[in-house]
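K.L.:
Have a look at this one.
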Amino acid sequence: MKAKYFTVTLTAICACILSVLLITGCRKPTADINWSVNTDVYKSPVLVRFVNANSSSTTMPDEFTVQISGKDADKVMMGSGGTDFQAQKGFLPLALDPSANPSPENPVIFNVYAKIPGFAPVSQTFIVTSDTIPVDHTIFALEYAHPADGTAVLQKSTTLSGGTAPATVLSTSPSGSMTESSTITIQDGTQMLDASQNVINASTLESDIVHFGTSTQSSMLSFPGGFNPIDVQRDGQSYHDVTFKTGGFLSIKMTAGNSEVKFFSKPITVSAQLNNELINPITDQPVQAGDTIPIWSMNEQTGQWKYETTATAALDGNGKMSIQFQASHLSCWNIDWWFYNPCRSVLRVNVHISIPGFRPQYEMVLVDANEQYLGGLYTDNTWATVVTLYDGLTTVIPTVPDIGRAKIVVYTRRGDPTSKIAETAFFNPCTKGTIDVTITPPGPPELINVKLNVQGKCTNKKVVANVGAWVYLYKLNAAWWDWKIIYVNRGQAAFQLENGATYFVATYYGGGFYTTTGTFNKNDMNFPQHNGLGGTATYNAANNTVTAYLTFALNCR
Amino acid sequence: MCLKAAAQDIEKTQVAYAAVNSPFMALQRPLMKGGDIATSVIPGFSSKKAIAIFVGTQGVGADFRYGFLPRLSARIGGGVTPVNMPNAFQVNDFKSQVDLKVNFVNAHLIADFQPFPGSGFRLAVGAGYFVKAKTQADVTPTGSNTFGNITYDPGNLGDIKLTADWKGIAPYLGVGFLRTFPGNLFNVNIDLGTYYLTAPQTTIIGTKALSPNAENNAQFQKNLSSYRWLPVLQFNFNFRL
Numbered sequence: 048m049k050a051k052y053f054t055v056t057l058t059a060i061c062a063c064i065l066s067v068l069l070i071t072g073c074r075k076p077t078a079d080i081n082w083s084v085n086t087d088v089y090k091s092p093v094l095v096r097f098v099n100a101n102s103s104s105t106t107m108p109d110e111f112t113v114q115i116s117g118k119d120a121d122k123v124m125m126g127s128g129g130t131d132f133q134a135q136k137g138f139l140p141l142a143l144d145p146s147a148n149p150s151p152e153n154p155v156i157f158n159v160y161a162k163i164p165g166f167a168p169v170s171q172t173f174i175v176t177s178d179t180i181p182v183d184h185t186i187f188a189l190e191y192a193h194p195a196d197g198t199a200v201l202q203k204s205t206t207l208s209g210g211t212a213p214a215t216v217l218s219t220s221p222s223g224s225m226t227e228s229s230t231i232t233i234q235d236g237t238q239m240l241d242a243s244q245n246v247i248n249a250s251t252l253e254s255d256i257v258h259f260g261t262s263t264q265s266s267m268l269s270f271p272g273g274f275n276p277i278d279v280q281r282d283g284q285s286y287h288d289v290t291f292k293t294g295g296f297l298s299i300k301m302t303a304g305n306s307e308v309k310f311f312s313k314p315i316t317v318s319a320q321l322n323n324e325l326i327n328p329i330t331d332q333p334v335q336a337g338d339t340i341p342i343w344s345m346n347e348q349t350g351q352w353k354y355e356t357t358a359t360a361a362l363d364g365n366g367k368m369s370i371q372f373q374a375s376h377l378s379c380w381n382i383d384w385w386f387y388n389p390c391r392s393v394l395r396v397n398v399h400i401s402i403p404g405f406r407p408q409y410e411m412v413l414v415d416a417n418e419q420y421l422g423g424l425y426t427d428n429t430w431a432t433v434v435t436l437y438d439g440l441t442t443v444i445p446t447v448p449d450i451g452r453a454k455i456v457v458y459t460r461r462g463d464p465t466s467k468i469a470e471t472a473f474f475n476p477c478t479k480g481t482i483d484v485t486i487t488p489p490g491p492p493e494l495i496n497v498k499l500n501v502q503g504k505c506t507n508k509k510v511v512a513n514v515g516a517w518v519y520l521y522k523l524n525a526a527w528w529d530w531k532i533i534y535v536n537r538g539q540a541a542f543q544l545e546n547g548a549t550y551f552v553a554t555y556y557g558g559g560f561y562t563t564t565g566t567f568n569k570n571d572m573n574f575p576q577h578n579g580l581g582g583t584a585t586y587n588a589a590n591n592t593v594t595a596y597l598t599f600a601l602n603c604r
Numbered sequence: 143m144c145l146k147a148a149a150q151d152i153e154k155t156q157v158a159y160a161a162v163n164s165p166f167m168a169l170q171r172p173l174m175k176g177g178d179i180a181t182s183v184i185p186g187f188s189s190k191k192a193i194a195i196f197v198g199t200q201g202v203g204a205d206f207r208y209g210f211l212p213r214l215s216a217r218i219g220g221g222v223t224p225v226n227m228p229n230a231f232q233v234n235d236f237k238s239q240v241d242l243k244v245n246f247v248n249a250h251l252i253a254d255f256q257p258f259p260g261s262g263f264r265l266a267v268g269a270g271y272f273v274k275a276k277t278q279a280d281v282t283p284t285g286s287n288t289f290g291n292i293t294y295d296p297g298n299l300g301d302i303k304l305t306a307d308w309k310g311i312a313p314y315l316g317v318g319f320l321r322t323f324p325g326n327l328f329n330v331n332i333d334l335g336t337y338y339l340t341a342p343q344t345t346i347i348g349t350k351a352l353s354p355n356a357e358n359n360a361q362f363q364k365n366l367s368s369y370r371w372l373p374v375l376q377f378n379f380n381f382r383l
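Chains as they are written, first to last, in the numbering used here: chain A, 48 to 604; chain B, 143 to 383.
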C-alpha cells in the first residue's frame with residue numbers, strides 16, 4: 048500500500064512539474080510581431096507640390112481639387128491609392144497604375160490642372176519615363192493678392208447688360224520688378240459666351256488678369272506648363288520637342304455671373320509691353336520694332352498649346368516695345384518664340400565640387416541669355432532640375448534647343464536668383480558636346496546620416512504597412528527654401544540632415560496629412576505625436592547614423 | 143519447463159545483483175523488509191524482450207524493449223509525427239487560413255527503471271535524436287485585405303510560411319505506468335514525460351507584398367526560444383517476444 052501511495056504521489060509531482068514547465072516556458076509565438084505589408088503597388092511616384100510663387104507671402108496653397116487629364120490620365124492615381132485627386136497643404140502625391148509601363152520610348156503623359164482658391168489656375172504636363180524613379184515637381188502658383196515679383200495682377204469687376212459688355216479697358220500696371228503693363232480692350236456690345244458659345248445672361252464681369260514678365264526668376268518659374276511642352280499644334284500639325292523662349296505671358300480669367308467666360312462675340316484686343324532687355328533669340332539682339340513673335344494659347348485643362356497668330360513688335364505710346372493681338376476666346380496667352388527642331392546633340396555635364404563627399408541638392412539648369420530655363424538634367428531616366436550633385440558626377444541633357452548662346456547655372460535654392468553659386472560661360476549647346484561645371488560651395492554644416500523608416504500602423508490589426516510615401520522635412524526657424532523632399536520606398540529612405548537641426552516632418556498618405564517635429568542629432572530621441580506621426584530614433588556613432596522609426600495610424604480591413 | 147526454470151534462475155541472479163548495486167538499494171530495503179513486494183521482485187520479467195507499438199503526443203512508432211535486469215530495461219526505437227491540419231486556425235490580422243504541418247521523426251534510446259517492483263511504476267531516462275522536428279504554418283490570404291486605400295486580392299498579397307525546426311538530440315525524462323513487459327502475449331502501458339528539445343531554428347518567409355516579414359524572424363525566434371519541452375503522453379502496446 049505504501050508503494051502504491053508513493054507511486055501516486057510521485058506521479059502527481061511529476062505531472063505538476065511537467066505542467067509548470069510547459070505553461071511557464073511558452074509564450075505566444077507571434078507575440079510582439081507586427082506583420083509587414085509592402086503597399087507600394089503603384090509605379091512611378093510623382094509628387095506635385097504647389098507653392099506660392101511669391102516666397103514672401105505667408106499664404107500657401109492648401110486644400111483643393113486637382114484635375115488629371117491627357118492621353119494617359121486613366122493610368123494616374125493617388126500615390127496611396129484611389130482617384131480622388133485632392134491636394135493637402137499643397138501636396139499632391141501621384142503614382143501610376145500597376146499596368147502602366149512607362150519608358151523613354153513610351154512615356155506616360157498626363158496633365159495636372161488646379162484652380163487653387165486665391166491663386167491663378169495652374170497647369171502642368173508631366174512626362175513619366177520610368178516606372179521606378181520617383182519624381183517631385185514644384186508648381187509655383189501665383190497668388191492674386193500677393194503676386195510674385197516680376198508679375199502684375201488686375202482683379203476687377205465691371206458691369207454687363209444681359210451678358211453684353213460696354214466698351215471696357217482692363218489694364219495691369221507696372222509694379223516692383225515688373226516694368227511692363229498690359230491692356231485688354233473689350234469692344235462695346237461684346238457678348239460673353241460660355242464653353243458652348245451660348246450668351247451668358249449676367250450683370251457683372253469678374254476679371255482676373257495676370258501678366259507674367261520676363262525679368263525675374265519667380266515669374267519664370269510660374270510660367271504655366273513650363274517651357275518644354277510635349278507638343279504644340281500649329282496649322283493642324285503637331286510639333287514635338289518644343290522649347291519656348293518667352294517674351295511674356297498673360298493669364299486671363301473672366302467670370303460672368305457664375306459662369307466662366309470662354310468666348311466673345313467680338314474679338315478682344317490684347318496688348319502687352321516687352322521688357323527692354325528681352326533678347327530676340329532669332330537675332331540674338333534686343334527686340335526691335337518689326338521683330339515678330341508667335342502668339343500661343345493654352346488649354347489649361349489639357350496642357351495643349353496652340354499657335355494662334357504672330358504679333359509684330361512696335362513702340363507703343365509710352366515708348367515701350369510692345370505687341371498686340373486679337374483673341375476671340377479666353378485661355379492663357381503666351382508670347383513666345385519657339386524651337387521645335389532641337390539639334391539632337393547631347394550635352395554632357397561634368398560636375399566638379401570643391402568639397403569631396405559633399406552631396407548638396409542644388410538646382411542646375413541650362414538657361415539662355417535671359418537666364419530663362421531651357422533644359423534640365425536627365426538623370427536616371429528622369430528629367431529634373433533640383434538634383435543631388437557630387438564631385439565627379441557626369442550627367443547629360445539629351446535634347447538641347449538650337450540656340451546660339453546658353454549657359455549652365457547652379458542655384459543652391461530653387462526659385463531664389465540670389466542663390467546662384469556657379470555658372471559657365473555662354474556656349475552653343477548644339478556644338479559644345481561636354482561642359483564642365485565647377486562649384487565651390489560654402490562650407491557645409493556638420494551632417495548626420497539619417498535612415499528613415501515610415502510605416503502606417505493598422506489601428507485594428509497587428510499589421511504595419513511599409514508605405515511608398517513622400518516625406519517633407521522643413522527646418523524650423525529657417526528660410527522657406529530650407530526643406531527636403533524624400534521619397535520613402537517600402538517605408539525606407541536614407542539621406543543626410545544638418546546635425547542638431549530641428550525639422551518639421553510631414554507625410555501625406557491615404558488622405559491624411561501627418562506631421563511631427565524632431566531634432567536630428569547624435570542622441571537617441573523621440574518624435575512626439577503632434578499630428579498623427581510619431582516615433583523614436585537611435586543614434587549609432589560608429590557610422591554617424593540616426594535611425595528613425597515613424598508611424599501613423601492606418602485604417603485596415 | 144526446464145528452459146523456464148533456467149530463465150527464472152537467471153532473473154533471480156539479476157534481481158540479487160540489482161539489489162546490491164542499484165543506487166536505489168537503500169530505498170528498496172525497507173520495502174523488502176515489509177515483505178509485501180517480495181513476491182513481485184522474485185518473478186521479475188516474464189520475458190525480457192518485447193516489441194511495442196506506441197501512439198501518443200509524439201506520434202506513432204515502435205520500439206524494441208530489452209530487460210537487462212529485473213527492474214532495468216531499455217527501449218530503442220523510432221517515432222514519426224506526420225500531421226497535416228488544413229485550415230487549422232484563423233489569424234485575426236489577415237483574412238486568411240492557416241495550414242499547419244508537423245513533421246517529427248525521431249530515434250530514441252530510453253532506459254526504464256522500476257523503483258518499486260511489482261508496482262508498474264517506472265522512471266524513464268534517455269534521449270532522442272530528432273532527425274526531423276519541423277513545424278510549418280502556412281498563412282494564405284483567403285479574401286481581400288485593405289490597408290489604407292490599397293486593397294490586395296488574395297493572389298497579390300502573397301503568403302507567409304513560418305517554420306520552426308528542433309532537429310537534434312533531446313534528452314528525455316519521464317515516468318511510466320503499468321508493466322513494461324507483458325506477462326502474457328500482450329499488454330498496454332503508459333508513458334508520461336517530456337523531451338527537452340534543442341533551441342528551435344525558425345524562419346519566416348513571405349512572398350510578394352508580405353516579403354518583408356523575414357525581418358520578424360528574430361522576434362519569432364525569441365518567442366519560440368522557450369518552446370523546448372515536448373510533452374509525451376504515450377500508450378504502448380507491448381508484444382512479448
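For every residue, glycine included, the Cβ atom is placed at its ideal position computed from N, Cα and C. Keep in mind the model is a prediction, meaning the values are calculated, not measured.
Do you know how far the Cα of A:THR130 is from the Cα of A:GLY294?
P.N.:
Along the first sequence, read from residue 1 onward, the residue named residue 294 of chain A stands at position 247. Along the first sequence, read from residue 1 onward, the residue named residue 130 of chain A stands at position 83. Cα-Cα distance, rounded: 37 Å.
K.L.:
How about A:GLY581: is its C-beta nearer than 8 Å to some C-beta of chain B?
P.N.:
Counting from one through the first sequence, the residue named residue 581 of chain A turns up at place 534. Output row for A:GLY581: interface = no.
K.L.:
May I ask which residues mark the beginning and end of the beta strand (DSSP E) holding A:PRO341?
P.N.:
Within the first sequence, residue 341 of chain A is the residue found at index 294, counting from 1. Segment 339–346, the beta strand (DSSP E) holding A:PRO341.
K.L.:
State the Cα-Cα distance for the pair A:ASP144 and A:VAL182, rounded to the nearest angstrom.
P.N.:
Mapped onto the first sequence, residue 144 of chain A falls at position 97. Mapped onto the first sequence, residue 182 of chain A falls at position 135. The straight-line gap from Cα to Cα measures roughly 16 Å.
K.L.:
Please list the residues of the region 291–303 of chain B that have a C-beta atom closer than 7 Å to any C-beta atom in chain A, keeping them in chain order.
P.N.:
So the close ones are ASN291 and ILE292.
K.L.:
List the residues of chain A that B:THR288 touches, going by C-beta distances under 7 Å, in chain order.
P.N.:
For the purposes of this step, residue 288 of chain B is taken as residue 146 along the second sequence, with counting starting at 1. Going along chain A in sequence order, the residues near B:THR288 (Cβ under 7 Å) are CYS603 and ARG604.
K.L.:
Suppose only complete runs of 4+ residues qualify. What are the alpha helix (DSSP H) ranges in the region 351–381 of chain B, listed by chain order?
P.N.:
The region 351–381 of chain B contains these whole alpha helix (DSSP H) runs: 359–366.
K.L.:
Grab me the residues of B:ALA168's own chain with a C-beta within less than 7 Å of its C-beta, minus the 5 sequence neighbours each way, in chain order.
P.N.:
The residue you call residue 168 of chain B lines up with position 26 of the second sequence. Only weak support is given to the placement of B:ALA168: the predicted model assigns it a pLDDT of 33, under 50, and the value that follows is read from those uncertain coordinates. Once the five neighbours on either side are set aside, B:ALA168 has no close Cβ partner at all.
K.L.:
Using the beta-carbon of each residue, which ones in chain A are nearer than 9 Å to B:LEU352?
P.N.:
What you label residue 352 of chain B is simply residue 210 of the second sequence in a count that begins at 1. Those within 9 Å of B:LEU352 in chain A are TRP82, SER83, VAL84 and ASN85.
K.L.:
Measuring alpha carbon to alpha carbon, tell me which residue in A:ASN275, A:LYS203, A:SER312 and A:ARG281 is nearest A:GLN244.
P.N.:
Counted from its first residue, the first sequence places residue 244 of chain A at position 197. Checked all of A:ASN275, A:LYS203, A:SER312 and A:ARG281; the closest Cα to A:GLN244 is A:SER312.
K.L.:
Roughly how many whole angstroms lie between the Cα atoms of B:SER215 and B:GLN363?
P.N.:
Taking the first residue of the second sequence as 1, we reach residue 215 of chain B at position 73. Taking the first residue of the second sequence as 1, we reach residue 363 of chain B at position 221. Between B:SER215 and B:GLN363, the C-alpha separation is close to 38 Å.
K.L.:
Under 8 Å by Cβ, that's how I've got B:ARG370 and B:LEU339 pegged, so tell me the actual separation to the nearest angstrom.
P.N.:
As a position in the second sequence, residue 370 of chain B is number 228, starting the count at 1. As a position in the second sequence, residue 339 of chain B is number 197, starting the count at 1. The pair is a contact, with the Cβ atoms about 5 Å apart (cut-off 8 Å).
K.L.:
Name the residue from A:ALA595, A:GLY557, A:GLY579 and A:GLY581 whose alpha carbon lies nearest to the alpha carbon of B:ASN291.
P.N.:
Position 149 of the second sequence holds residue 291 of chain B. Considering only alpha carbons, the answer is A:GLY557.
K.L.:
Run down chain A in chain order and give the residues with a C-beta less than 8 Å from the C-beta of B:GLN278.
P.N.:
Translated into positions along the second sequence, residue 278 of chain B becomes position 136. Neighbours of B:GLN278 on chain A: none; closest Cβ ~12 Å, over 8 Å.
K.L.:
Hey, would you say A:ASP109 sits closer than 8 Å to A:TYR191, going by beta carbons?
P.N.:
By one-based count along the first sequence, residue 109 of chain A stands at place 62. By one-based count along the first sequence, residue 191 of chain A stands at place 144. No, Cβ-Cβ distance for A:ASP109 and A:TYR191 is not below 8 Å.
K.L.:
Whole angstroms are fine: how far does the CA of A:SER269 sit from the CA of A:LYS454?
P.N.:
Numbered from its first residue, the first sequence carries residue 454 of chain A at position 407. Numbered from its first residue, the first sequence carries residue 269 of chain A at position 222. Those two C-alpha atoms are separated by around 21 Å.
K.L.:
Is B:LEU241 helix, strand or coil by DSSP?
P.N.:
By 1-based counting over the second sequence, the position of residue 241 of chain B is 99. In the sequence as presented, Leu is not what sits at residue 241 of chain B; that position holds Asp. Correct three-state label for B:ASP241: strand.
K.L.:
Just list the beta strand (DSSP E) runs in the region 359–421 of chain A, keeping only unbroken ones of 3 residues or longer that don't cross its boundaries, in chain order.
P.N.:
Taking only runs of at least 3 residues, the beta strand (DSSP E) segments lying wholly in the region 359–421 of chain A are 368–376, 379–386, 394–400 and 408–414.
K.L.:
Please list the segments of the alpha helix (DSSP H) lying wholly inside the region 453–523 of chain A, counting only runs of 4 or more residues, in order along the chain.
P.N.:
Complete alpha helix (DSSP H) runs here, min 4: 476–479.
K.L.:
Is DSSP giving A:ASP121 helix, strand or coil here?
P.N.:
Residue 121 of chain A sits at position 74 when you count from the first residue of the first sequence. Three-state result, A:ASP121: helix.
K.L.:
Considering B:GLY219, what are the terminal residues of the beta strand (DSSP E) in which it resides?
P.N.:
Residue numbering aside, residue 219 of chain B sits at position 77 when the second sequence is read from its first letter. First-last of the beta strand (DSSP E) with B:GLY219: 214–231.
K.L.:
Determine the DSSP secondary structure at A:GLN234, reduced to helix, strand or coil.
P.N.:
As a first step, residue 234 of chain A is located in the first sequence; it is residue number 187 there, counting from the start. Note: A:GLN234 maps to coil in three-state DSSP.
K.L.:
What number of angstroms, rounded off, separates the C-alpha of A:VAL308 from the C-alpha of A:PRO314?
P.N.:
On the first sequence, position 261 is the one that residue 308 of chain A refers to. On the first sequence, position 267 is the one that residue 314 of chain A refers to. Distance between the alpha carbons of A:VAL308 and A:PRO314: 13 Å.
K.L.:
What are the residues that DSSP puts in a beta bridge with A:GLN605?
P.N.:
Here chain A covers residues 48 to 604 and nothing more, so residue 605 of chain A does not appear.
K.L.:
Taking A:THR585 and A:THR598 to be in contact with their CB atoms under 8 Å, please state how far apart those CB atoms are, rounded to whole angstroms.
P.N.:
Within the first sequence, the letter at position 538 stands for residue 585 of chain A. Within the first sequence, the letter at position 551 stands for residue 598 of chain A. Actually they are not in contact, since the Cβ atoms of A:THR585 and A:THR598 sit about 15 Å apart, beyond 8 Å.
K.L.:
May I have the straight-line CA-CA distance separating B:LEU352 from A:ASN85, to the nearest angstrom?
P.N.:
Within the second sequence, numbered from 1, the residue matching residue 352 of chain B stands at position 210. Within the first sequence, numbered from 1, the residue matching residue 85 of chain A stands at position 38. When rounded, the distance between both Cα atoms is 6 Å.
K.L.:
So if DSSP puts A:SER582 in a beta bridge, which residue, or which two residues, is it bridged to?
P.N.:
Against the first sequence, residue 582 of chain A aligns to sequence position 535. The sequence shown places Gly at residue 582 of chain A, not Ser. Beta-bridge pairing links A:GLY582 to A:PHE574 and A:LEU597.
K.L.:
Within a Cβ cutoff of 7 Å, which residues of the same chain sit near A:ASN591, ignoring the five residues on either side of it in sequence?
P.N.:
Within the first sequence, numbered from 1, the residue matching residue 591 of chain A stands at position 544. Around A:ASN591: ILE495 and ASN496.
K.L.:
Please name the residue, chosen from A:ASN81, A:PHE97 and A:THR564, that lies closest to A:GLN576 on a Cα-to-Cα basis.
P.N.:
On the first sequence, residue 576 of chain A is found 529 positions in, with the first residue counted as 1. Cα-wise, what sits closest to A:GLN576 is A:THR564.
K.L.:
Are the CB atoms of A:HIS258 and A:THR219 within a distance shorter than 8 Å?
P.N.:
As a working note, residue 219 of chain A is residue 172 in the first sequence. As a working note, residue 258 of chain A is residue 211 in the first sequence. Against a cut-off of 8 Å, the Cβ pair of A:HIS258 and A:THR219 comes out as a contact.
K.L.:
How about B:LEU304 and B:PRO283: are their beta carbons less than 8 Å apart?
P.N.:
What you label residue 304 of chain B is simply residue 162 of the second sequence in a count that begins at 1. What you label residue 283 of chain B is simply residue 141 of the second sequence in a count that begins at 1. Cβ atoms of B:LEU304 and B:PRO283: not closer than 8 Å.
K.L.:
Under 8 Å between C-beta atoms, does A:ALA512 make it to chain B?
P.N.:
Within the first sequence, the letter at position 465 stands for residue 512 of chain A. So yes, A:ALA512 belongs to the interface.
K.L.:
Using a Cβ-Cβ cutoff of less than 6 Å, which residues in the same chain neighbour A:SER306 once the five nearest sequence positions on both sides are dropped?
P.N.:
Residue 306 of chain A sits at position 259 when you count from the first residue of the first sequence. Counting only Cβ-Cβ distances below 6 Å, and skipping sequence neighbours, we find ASP241 and ILE247.
K.L.:
Once DSSP output is grouped into helix, strand and coil, what is the label at A:MET267?
P.N.:
The residue labelled residue 267 of chain A in the question sits at position 220 within the first sequence. Three-state result, A:MET267: helix.
K.L.:
My output table needs one value for B:GLY297: the three-state DSSP class, helix, strand or coil.
P.N.:
For this step, residue 297 of chain B is matched to residue 155 along the second sequence. Reduced to three states, the DSSP call for B:GLY297 is helix.
K.L.:
Could you please give me the residues that DSSP links to B:GLY316 through a beta bridge?
P.N.:
Taking the second sequence and counting its residues from 1, one reaches residue 316 of chain B at position 174. Its beta-bridge partners are B:ALA266 and B:GLY335.
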